[in-house]
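Q:
Protein chains: 2
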Amino acid sequence: MTERPLPALTGPVEVVGAGLIGASIALVCRRLGLDVVLRDTSAENLRTASGLGAGRSASSHERPQLVVVAVPPAAIPDAIVAALGRSDAVVTDVGSVKAAPLAAVAGRVRPTDLARYVGSHPMAGSERSGPLAASAALFDGRPWAITPHDVAEPGAVGLVESLVLECGASPRLMAPDEHDRAVARISHLPHLAAVLVAGRLAAAPEEHLALSGQGVRDVTRVAASDPALWQQILEANAGAVLDLLGEVRADLDALMTAVADDAGADLVEILARGNAGTAAIPGKHGGPARPTRSVFVSVPDHPGELARLFGDAGEIGVNIEDVHIDHDPGRPVGLTELVVDRGRAEHLLAALESRGWTTHR
Amino acid sequence: MTERPLPALTGPVEVVGAGLIGASIALVCRRLGLDVVLRDTSAENLRTASGLGAGRSASSHERPQLVVVAVPPAAIPDAIVAALGRSDAVVTDVGSVKAAPLAAVAGRVRPTDLARYVGSHPMAGSERSGPLAASAALFDGRPWAITPHDVAEPGAVGLVESLVLECGASPRLMAPDEHDRAVARISHLPHLAAVLVAGRLAAAPEEHLALSGQGVRDVTRVAASDPALWQQILEANAGAVLDLLGEVRADLDALMTAVADDAGADLVEILARGNAGTAAIPGKHGGPARPTRSVFVSVPDHPGELARLFGDAGEIGVNIEDVHIDHDPGRPVGLTELVVDRGRAEHLLAALESRGWTTHR
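Written as structure tokens, this is what we have:
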């Protein structure tokens, strides 16, 4: 990472685009006591964000230390160029694709100005959008990629890193095109897989859908996102996305052949590679995934019951790594799945049972 | 459904295969006070299941009312044929594919014996397997498909329905091949999509994986399953699975074309169909999905904190529909997502904030 000490974020900070991400960054900076200036083409967003305490509207003579461009994907290059032209500030953007906007900007500004631009991308979000959904806690514990180009000023890179740390996120430095390949793999491909599976549900017979369990819900959950936003994201990362989709199509052909030809060994190999992939995703705090075990508990479906379960789990002293509440039609009782450290599962089960919970071992 | 009243389940119940599903069904029947007989090729499974109170080992002269075949997929047809030959009992199996086993059995038994066979399939399970993982609560609130063939005795169908209801599950009557098409769509396809996405993570660069968020975890979660078991399932449902994979491959080709040709309208249409699909999955208690909203709260990562959050939510009186605890590397604080009825979200947020929680609107 950048050498210490990093440049201090002292403000003013100018946020262009007072939506979910921009307003959340603005709230972090206001909590630090910094002067925050807001710009937005929507007067209503501006009014709402200011009203939430995210900052003040821009006057005609602003001299920010840092400008954060947080506008929709298609508007990003123009907004970066305009910001570089307005002052001597360091400029970052928070778009989810980095190489194409950088190329567009580089063709339009002088190298001495380009040196002040350092792209970045917080891996954070919400199903909601707009300033009302904003929160200074949005970035807590999240990865945040910083993607400087070859001739970015080290001080500019350091200042963006300071912002990332103040937001409570984990900075990850990487080249813009490497970032785009990364998000194609760990964000865009999963999103498209969810879309394709969900697309097979849209006109499905009711009796098919009635058998739905947790698996299909998990796989398709992310497909409930804004199509217009994702169109912009995918078009801006078309190259890396197409490369990965091509690899998946080849894998799909191999899978179909293995099933059609009853080629058991080939099929097992494909399934086992899927196993290995799930183990590759990092666990908490950056380490390899620690082995966990799922514990299932019957929980009647009304307020207070789940709280009672978690209260007991808390008293028992076993940390819950993840939770899944099963949604299944027909009954007012569901199974809640608690994912805990493998070595603690038996203790939790025995202790819950002694408190009268119906568990599933 | 079957006309009321249903035949009463009075036992004895014979369970062939004392693994997760078989032993769980046995435990339900023991709780009803029924005589339960266990068979398993593994003496250890038998010993464990009996030790858990799931039943007694079979003697040489058993006359069960109902036989439940719960063996691995490849062994199902032989076990059904053997059960039909041993006594006059009604016989069901709980395999996850119905048409192929039925066809195999029909070719080997007399029609009067076939009339006593009614396949079924509980939509339940666990990442664990074996009798130690069994629980009488496994089927609470789950759908359980019942798939009689054309000449099944109505009394046999009714007896299986009684078993399903005693297990706390929701019976769904359907033809065997319709069932297989249904599970291809809502179980096998999602599983394979997860496997293909996870397959792209298995050998991925660490810096790609480091940016992982909740989306890729949700999409790939189900891929962490037993490859040998899934090989058997997929091979037994090859026809319906290949039909769906062919539809998905065509969708994938259309998607790649839309991205490569920058055909925005086509791309938005594909993404929007994914949206529609997620809304098609039923919500709790069989109704259409009720609109929900996600509420995000910062929760420090140690025992007790999550309990405190749920305790407060319980006192506030808002039912939690779903929970996601975000796993992200680097920081000891994570964001917990609570999914609640949309009309209750503001109330929950305000009340949590007044209790000192850091929320993200």
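So the sequences go chain by chain: Y and U.
UniProt numbering applies: residue 1 is where the first sequence begins, and numbers increase by one.
UniProt numbering applies: residue 1 is where the second sequence begins, and numbers increase by one.
All C-beta atoms, glycine included, are put in the ideal place defined by N, C-alpha and C.
Out of Y:T278, Y:P77, Y:D35, Y:F296, point me to the one whose CA is closest to E337 of chain Y's CA.
A: Nearest option by C-alpha distance: Y:F296.
Q: Could you have a look at G343 of chain U and say whether DSSP puts it in helix, strand or coil?
A: Of the three classes helix, strand and coil, the one that applies to G343 of chain U here is helix, per DSSP.
Q: Looking at the strands, I want to know which residues DSSP matches up with D322 of chain U.
A: DSSP, once it has assigned bridges, lists U:V339 as partnering D322 of chain U.
Q: What are the residues of the stretch 244-272 of chain Y that lie near chain U, defined by any Cβ-Cβ distance shorter than 7 Å?
A: Going along the stretch 244-272 of chain Y in chain order, one finds L244, L245, E247, V248, R249, D251, L252, L255, M256, V259, A260, D262, G264, L267, V268, I270, L271, A272 with a Cβ nearer than 7 Å to chain U.
Q: A351 of chain U versus chain Y: which residues are under 7 Å apart at the beta carbon?
A: The contacting residues do not exist; A351 of chain U stays about 12 Å from chain Y at best.
Q: Check whether the stretch 214-234 of chain Y touches the stretch 258-278 of chain U, counting contact only when three or more Cβ pairs, one atom from each stretch, lie closer than 8 Å.
A: Contact between the stretch 214-234 of chain Y and the stretch 258-278 of chain U is present, because at least three Cβ pairs lie under 8 Å.
Q: For T112 of chain U, count neighbouring Cβ atoms within 10 angstroms of its own Cβ and tell me buried if that reaches 16, exposed if not.
A: T112 of chain U should be labelled exposed.
Q: May I ask which residues mark the beginning and end of the beta strand (DSSP E) holding P300 of chain U?
A: Run containing P300 of chain U: 292-300, per the beta strand (DSSP E) assignment.
Q: Taking 8 Å as the CB-CB limit, is E346 of chain Y close to chain U?
A: No - not a single Cβ of chain U is within 8 Å of the one on E346 of chain Y.
Q: Report the CB separation of E14 of chain U from E62 of chain U in whole angstroms; it is logged as a contact under 8 Å.
A: The Cβ separation is near 6 Å, so the contact holds.
Q: Between which two residues does the alpha helix (DSSP H) containing S170 of chain U stretch?
A: No alpha helix (DSSP H) contains S170 of chain U, which is instead part of the beta strand (DSSP E) from 170-173.
Q: Is there a Cβ from chain U that is less than 8 Å from the Cβ of V36 of chain Y?
A: By this cut-off, V36 of chain Y is not an interface position.
Q: Check whether the Cβ atoms of G199 of chain Y and D218 of chain U sit closer than 8 Å, and answer yes or no.
A: It is not a contact, given that the beta carbons lie outside the stated cut-off.
Q: Any chance you could list the alpha helix (DSSP H) runs of at least 4 consecutive residues sitting entirely within the stretch 31-55 of chain Y, in chain order?
A: With a minimum length of 4 residues, the continuous alpha helix (DSSP H) runs that stay inside the stretch 31-55 of chain Y are 43-51.
Q: Between G220 of chain U and chain Y, is there a C-beta pair that is closer than 8 Å?
A: Reading off the sequence, residue 220 of chain U comes out as Thr, not Gly. True, the Cβ-Cβ gap to chain Y drops below 8 Å.
Q: According to a CB-to-CB cut-off of less than 8 Å, which residues of the stretch 228-243 of chain U neighbour chain Y?
A: Cβ contacts with chain Y: A228, W230, Q231, L234, E235, A238, V241, L242.
Q: What is the rounded straight-line gap between the Cα of E353 of chain U and the Cα of T359 of chain U?
A: If I take the Cα positions, the gap works out to 7 Å.
Q: Would you mind telling me which residues of chain U sit closer than 8 Å to I80 of chain Y, beta carbon to beta carbon, in chain order?
A: Neighbours of I80 of chain Y on chain U: none; closest Cβ ~22 Å, over 8 Å.
Q: For G130 of chain U, which of helix, strand or coil comes out of DSSP?
A: DSSP places G130 of chain U in coil when its eight states are reduced to three.
Q: Beta-carbon of R217 of chain U versus every beta-carbon of chain Y: anything under 8 Å?
A: Output row for R217 of chain U: interface = yes.
Q: Under 8 Å: do the stretch 235-253 of chain U and the stretch 158-178 of chain Y share three or more Cβ pairs, one atom per stretch?
A: No: the two stretches stay apart, fewer than three of their Cβ pairs being nearer than 8 Å.
Q: Of all the residues that make up the stretch 182-194 of chain U, which are near chain Y by a beta-carbon distance shorter than 8 Å?
A: Cβ contacts with chain Y come from A182, V183, R185, I186, S187, L189, P190, H191, L192, A193, A194.
Q: Taking D35 of chain Y as the reference, give the member of Y:G19, Y:N237, Y:G283, Y:A58 with the closest Cα.
A: Ranking Y:G19, Y:N237, Y:G283, Y:A58 by Cα distance to D35 of chain Y puts Y:A58 first.
Q: Quick check on DSSP: helix, strand or coil for V118 of chain U?
A: Three-state DSSP puts V118 of chain U in coil, outside helix and strand.
Q: Going by the DSSP bridge assignment, what does D93 of chain Y pair with across the sheet?
A: Note: D93 of chain Y sits in a beta bridge opposite Y:V69.
Q: Helix, strand or coil for V13 of chain Y? Go by DSSP, reduced to three states.
A: Looking at V13 of chain Y - three-state DSSP - the assignment turns out to be strand.
Q: Three-state secondary structure (DSSP) at S57 of chain Y?
A: DSSP places S57 of chain Y in strand when its eight states are reduced to three.
Q: Closer than 9 Å by beta-carbon distance: list the chain U residues that pair up with D93 of chain Y, in chain order.
A: Here the premise fails: no neighbours, minimum Cβ distance about 17 Å.
Q: Should the stretch 128-136 of chain Y be regarded as contacting the stretch 20-37 of chain Y, the criterion being three or more beta carbon pairs within less than 8 Å?
A: Result yes; three or more Cβ-Cβ pairs closer than 8 Å.
Q: Please state if the CB of L189 of chain Y and the CB of V197 of chain U are separated by a distance shorter than 8 Å.
A: It is a contact, given that the beta carbons lie within the stated cut-off.
Q: List the residues of chain Y whose Cβ lies closer than 7 Å to the Cβ of L66 of chain U, in chain order.
A: Those within 7 Å of L66 of chain U in chain Y number zero; the least Cβ separation is about 22 Å.
Q: Please classify W357 of chain U: is it buried, with 16 or more other beta-carbons within 10 angstroms of its beta-carbon, or exposed?
A: Burial call: buried.
Q: Could you give the residue range of the alpha helix (DSSP H) that holds A272 of chain U?
A: Note, A272 of chain U: alpha helix (DSSP H), 264-280.
Q: Measuring CB to CB, does L66 of chain U end up less than 8 Å from L159 of chain U?
A: In contact: L66 of chain U and L159 of chain U (Cβ atoms closer than 8 Å).
Q: If you compare alpha carbons, which of Y:M123, Y:G264, Y:R355, Y:P282 is closest to H179 of chain Y?
A: Measuring from the Cα of H179 of chain Y, the nearest candidate turns out to be Y:M123.
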